[in-house]
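Only one structure is covered here, and it is reproduced in the block below.
2 protein chains.
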Amino acid sequence: MATIEDVAKLAGLSRTTVSRVINNQPYVTEEKKIKINEAMKELGYVPNSSARRLRSQRTETIAVLLPRVTNPFFGQLIESLEQKASDYGYQVIVCQTHDKKYKELDYLQLLKTKQVDGVIMASLTNEWMDIEPFLDSGPIVLCNEYMETQDVTMIHIDHKQAAYDAALHLIEQGCRRIAYASGGRETYISKQRKIGFCDALREHNMWLSKELEINEVLDVGDGQTTFQYLKVHQPEVDGIFTGSDEVAAGIVYAASKEGWRIPEDLAVVGFDNQMLSLLMVPAITTIEQPVEQIASKTIQVLVDQIKNKLSAPTQRFVYPYELIKRKSTDCNTVKKTAR
Amino acid sequence: MATIEDVAKLAGLSRTTVSRVINNQPYVTEEKKIKINEAMKELGYVPNSSARRLRSQRTETIAVLLPRVTNPFFGQLIESLEQKASDYGYQVIVCQTHDKKYKELDYLQLLKTKQVDGVIMASLTNEWMDIEPFLDSGPIVLCNEYMETQDVTMIHIDHKQAAYDAALHLIEQGCRRIAYASGGRETYISKQRKIGFCDALREHNMWLSKELEINEVLDVGDGQTTFQYLKVHQPEVDGIFTGSDEVAAGIVYAASKEGWRIPEDLAVVGFDNQMLSLLMVPAITTIEQPVEQIASKTIQVLVDQIKNKLSAPTQRFVYPYELIKRKSTDCNTVKKTAR
DNA sequence: TTGTAGGCGTTATCAA
DNA sequence: TTGATAACGCCTACAA
Chain L
1 MATIEDVAKL AGLSRTTVSR VINNQPYVTE EKKIKINEAM KELGYVPNSS
51 ARRLRSQRTE TIAVLLPRVT NPFFGQLIES LEQKASDYGY QVIVCQTHDK
101 KYKELDYLQL LKTKQVDGVI MASLTNEWMD IEPFLDSGPI VLCNEYMETQ
151 DVTMIHIDHK QAAYDAALHL IEQGCRRIAY ASGGRETYIS KQRKIGFCDA
201 LREHNMWLSK ELEINEVLDV GDGQTTFQYL KVHQPEVDGI FTGSDEVAAG
251 IVYAASKEGW RIPEDLAVVG FDNQMLSLLM VPAITTIEQP VEQIASKTIQ
301 VLVDQIKNKL SAPTQRFVYP YELIKRKSTD CNTVKKTAR
Chain F
1 MATIEDVAKL AGLSRTTVSR VINNQPYVTE EKKIKINEAM KELGYVPNSS
51 ARRLRSQRTE TIAVLLPRVT NPFFGQLIES LEQKASDYGY QVIVCQTHDK
101 KYKELDYLQL LKTKQVDGVI MASLTNEWMD IEPFLDSGPI VLCNEYMETQ
151 DVTMIHIDHK QAAYDAALHL IEQGCRRIAY ASGGRETYIS KQRKIGFCDA
201 LREHNMWLSK ELEINEVLDV GDGQTTFQYL KVHQPEVDGI FTGSDEVAAG
251 IVYAASKEGW RIPEDLAVVG FDNQMLSLLM VPAITTIEQP VEQIASKTIQ
301 VLVDQIKNKL SAPTQRFVYP YELIKRKSTD CNTVKKTAR
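Order-wise, the sequence lines are chains L and F.
Under full-length UniProt numbering, the first residue of the first sequence carries the number 1, and numbering increases by one thereafter.
Under full-length UniProt numbering, the first residue of the second sequence carries the number 1, and numbering increases by one thereafter.
Laid out in C-alpha cells, this is it:
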C-alpha cells in the first residue's frame, strides 16, 4: 500500500507538499501539483484514514443507537439519517440496542474510545444519570426520545399530545372501553404517551383500568397475542390505542380472522403512519411523524456540536405530527350492531 | 483525554507494561496489574481507537452496501448482519447505494482508504470489471447477489429456480396471461429470475410478451401504478410475478380498490416473505429466503477472509428457499367467473 | 518480569 | 513556495 512518503519520493518532493496537494491547500506551484497528482495516480495512492483520524482527532463518523432496524419507523429514520449525514461527509454506524441497557452503554463506549465523533440516541432505556457522563467524551443528541433534562439537545414530536389526540378521536368515535397497548420499554416517551392518553380519558370521565393496559407489545406477533388476550379476558373492549402500526396491524389481522369487525367491534389506532397502516384492510388510523425533518435537524445539530466543540447551547426541537384518520376508527358512518 | 503515557506515569510504570495490561498479555505481576488498573480508573482512561487502528492496520469494521434500508428485506438482512458482526467484535457501517453506480463505487473507497476491513455487497449495480480492482484493498463478499465470476465468495439462494417455481405455481393455478414486474435494476439476480420465469412459461407453450413485462417496479407505490397500467392496457392479465412483497402488496391494494378480485381475477406472487405479505387481504403467496442463515454465513466468511489475509479460496453458498402458497394465488378452490 | 525505542501514515509548525 | 521535524497514541521487537 502506497504511503504519502512513496508519492513524495516518486514526485521528487516532500511529504509536506504532497499533503498540501491532498488537502487542497495553497502554496503549491501548479507544475508540482500536476507532478504529484501523476505520482499519486501511478501508485494508486489513497490517504490512510486511520492515520488521518489519529492526527486530526476526528473520525467523521456518527453512531446511531436504535432498538432495531426491522421496525420500519427506525428503518425510515436511519435511511434519512444516513443520507443526511453523508451529505455532510459523515458516515453512520448502526447500533441496535434491542432495548437492552447494557448494549446501549456498550455502544456509548464508541464515543469514549473516539471511534465516533458523536452519538444519536434513538433508543433510550438507561437512566439519564448513567448516560450523562458520556457527554464528556463528545456530543450526544436525542432523536425521537426525550426527557426532563436540559443537558442535551432533543428532537421529537409531542408524544403526550399525540396520544391525547388519538384517545380523543377514539372517544369521539363512541369508544367507551379503550385499551392501551404500549411498547413496554419504560422510556420517557412511552410514559408521555400514556399520560396524554389518560388525560383524554379522564376529561371524559373514563380511566384506564389495569386489565386494559397491555405492555411489552412491540411487533405484529405481539399485536396478535394482544387481541387474543382481549378477546378472552376483555371482550367488551371497543377501542385500542397502540404504540406502533405493526402492533395495530397484528390486532386488525387477528381480530378479522376471529370474525370481529373493525371498527364496529373494535376501533384501532396505530402510530408512525407506515405503509402497512394504509395497506391493511381496513386501513389503520395512525399518527404521522415528520421523520425526514426530524432526521435532518438531528444531523444538522449534531454536526454543529461536533464542529463547535465548546458551548453549543442545548435546545429542544418539537415538530408537528398529524393524526391520520382512516377506516379502522370510522365508527360514525357504520351502524353499531350487537356482536 | 488521558493517554497510555499518563496511566504509566501515574502508576509509576512504563507504557509497555500498561499496554500489556490493556491487552491481557502475560508477564505482569498481579500487584502491578492492580496498580495500573487503579490508575486507569482514576484517569478514566480508554484506549484511543484511531491509534490502535493505525498501529494494527485493522479497523474491526465492515461496510454493508445495500440499496436502501427501508426495503424490509434489507432491514431484516442488516439486522442479522449487524448482530452477527457484533458477535465477532466487528461493527457495521450502513451504506445505502439507492441503486446508483457511483455511490456503490464511492463506498468501495472505504476499503481503499482502510476505513473498513471488508465489504459486504448486497447491492450490485456496477459491472464486475469495475468492482474487481477493489479486491486488492481487501475482501469483498456478495450477499444475496451473485454473478458468473469466480473471484469472490457469494451467498445466496437460487433466484432462477425460485422464479421458475413461482411461475410454475401460477401456471398450475390456471393463469394464462402472466405479467412480470421486475425490480428493474439490471442486476444479475434479476436477470436470473427472469430466465427462470420465462423457462417455466416456455415449458408450457407460453411466453412473456413485452407488454406484460414491467420494469423499475420497486415499492408499494410502484405496485399500484403497475396495476393501473395493466388494468388499462392489459385487462386480460390473470397472474403476476413480482420481485418483492411490497410491489405485490401495492398491486393487491390497488386491484382490490378497483374491484378486481384476488386471486380470481388476478393471482399475485411476491418475494421475500415479509410480514406484509401475510397481513394483506388476501395473504400473498411469496418466496421465503433464509435471511438469518445467509447473514450468518456472510459474516463468517468475511471475517474469515479478513483474518486469513492470504489464500482464502472463493466459494459459493447456495441456500434453500421456500415457496409459501397463500390466498393470493389460490385459484383452484374458487370458481372463476367473468369479471 | 519490565523498560526502551522505533514506527504505523498524516498533518501542523516553523524555519528556510 | 517548500521542506525538515515533531507529534497524534499505541504496540512490539529487543534489550535488560
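All C-beta atoms in this analysis are idealised placements derived from N, C-alpha and C, irrespective of residue type, glycine included.
Residue i: first and last residue of the uninterrupted alpha helix (DSSP H) it sits in
| i | result |
| --- | --- |
| F/C331 | That residue, F/C331, is in no alpha helix (DSSP H); it is neither H nor E in DSSP. |
| residue 373 of chain F | Outside the shown range of chain F (1 to 339) lies residue 373 of chain F, about which nothing can therefore be said. |
| L/E5 | 4-11 |
| residue 355 of chain F | With chain F running from 1 to 339 in the structure shown, residue 355 of chain F is simply not present. |
| L/Y102 | 101-112 |
| L/Q274 | Careful: L/Q274 lies outside any alpha helix (DSSP H) and carries neither H nor E. |
| F/Q293 | 291-307 |
| F/V21 | 15-22 |
| L/Y164 | 159-172 |
| F/Q76 | 72-87 |
| L/N37 | 30-43 |
| L/L54 | 49-56 |
CB contact below 8 Å: residue i versus chain F
| i | result |
| --- | --- |
| L/K101 | no |
| L/N24 | no |
| L/L302 | no |
| L/K335 | For L/K335, the pLDDT reaches just 43, beneath the cut-off of 50, and the residue's location in the model is therefore unreliable, although a value from the coordinates is still provided. For L/K335, the answer is no, since every Cβ of chain F falls outside 8 Å of its Cβ. |
| L/V247 | no |
| L/V7 | no |
Amino acids of chain F, ordered along the chain, whose beta-carbon sits closer than 8 Å to that of residue i
| i | result |
| --- | --- |
| L/N144 | Chain F residues near L/N144: none, gap ~16 Å exceeds 8 Å. |
| L/N48 | L54, T113, K114 |
Three-state secondary structure (DSSP) of residue i
| i | result |
| --- | --- |
| F/H204 | coil |
| F/V152 | coil |
| F/L66 | strand |
| L/F227 | helix |
| L/Y319 | strand |
| F/A255 | helix |
| F/L218 | coil |
| L/C143 | strand |
| L/E213 | strand |
| F/M1 | coil |
Limits of the unbroken beta strand (DSSP E) element including residue i
| i | result |
| --- | --- |
| L/G239 | 239-242 |
| F/L135 | Looking at the DSSP string, F/L135 is not in any beta strand (DSSP E), and its letter there is neither H nor E. |
| L/I178 | 178-181 |
| F/M121 | 118-121 |
| L/T286 | 286-288 |
| L/Q91 | 91-96 |
| F/A267 | 267-269 |
CB contact check: residue i to chain L, cutoff 8 Å
| i | result |
| --- | --- |
| F/T59 | yes |
| F/E82 | yes |
| F/I120 | no |
| F/P320 | no |
Neighbouring residues, chain F, relative to residue i (Cβ below 9 Å)
| i | result |
| --- | --- |
| L/P72 | T70, P72, G75 |
| L/Y253 | L278, L279, V281 |
Residues near residue i in its chain [Cβ-Cβ closer than 7 Å; skip 5 each side]
| i | result |
| --- | --- |
| F/T298 | L81, I120, V141, C143, I155 |
| L/N308 | none |
| L/C175 | D238, G239, A267 |
| F/S19 | I4 |
| F/Y27 | R20 |
Closer than 7 Å at the beta carbon, the chain F residues around residue i
| i | result |
| --- | --- |
| L/A51 | L54 |
Contact set between residue i and chain L, taken where Cβ atoms lie within less than 7 Å
| i | result |
| --- | --- |
| F/M275 | V220 |
Sequence-distant residues of its chain with Cβ nearer than 6 Å to residue i (five each side left out)
| i | result |
| --- | --- |
| L/I157 | Q289, Y319, Y321 |
| L/P282 | I262, K327, S328 |
| residue 348 of chain L | Residue 348 of chain L is absent from the structure shown; chain L starts at 1 and stops at 339. |
| F/H159 | I189, Q192, R193 |
| L/A162 | I287, Y321 |
| L/G223 | V247, G250, I251 |
Partner residues on chain L for residue i, Cβ-Cβ distance less than 8 Å
| i | result |
| --- | --- |
| F/V94 | I78, E82, V92, I93, V94 |
Sequence-distant residues of its chain with Cβ nearer than 8 Å to residue i (five each side left out)
| i | result |
| --- | --- |
| L/L43 | A2, D6, V7, L10 |
| F/H169 | V269, T285, L323, K325, T329 |
| F/H98 | P67, R68 |
| F/Q305 | G118, P139, V141, T153, A312 |
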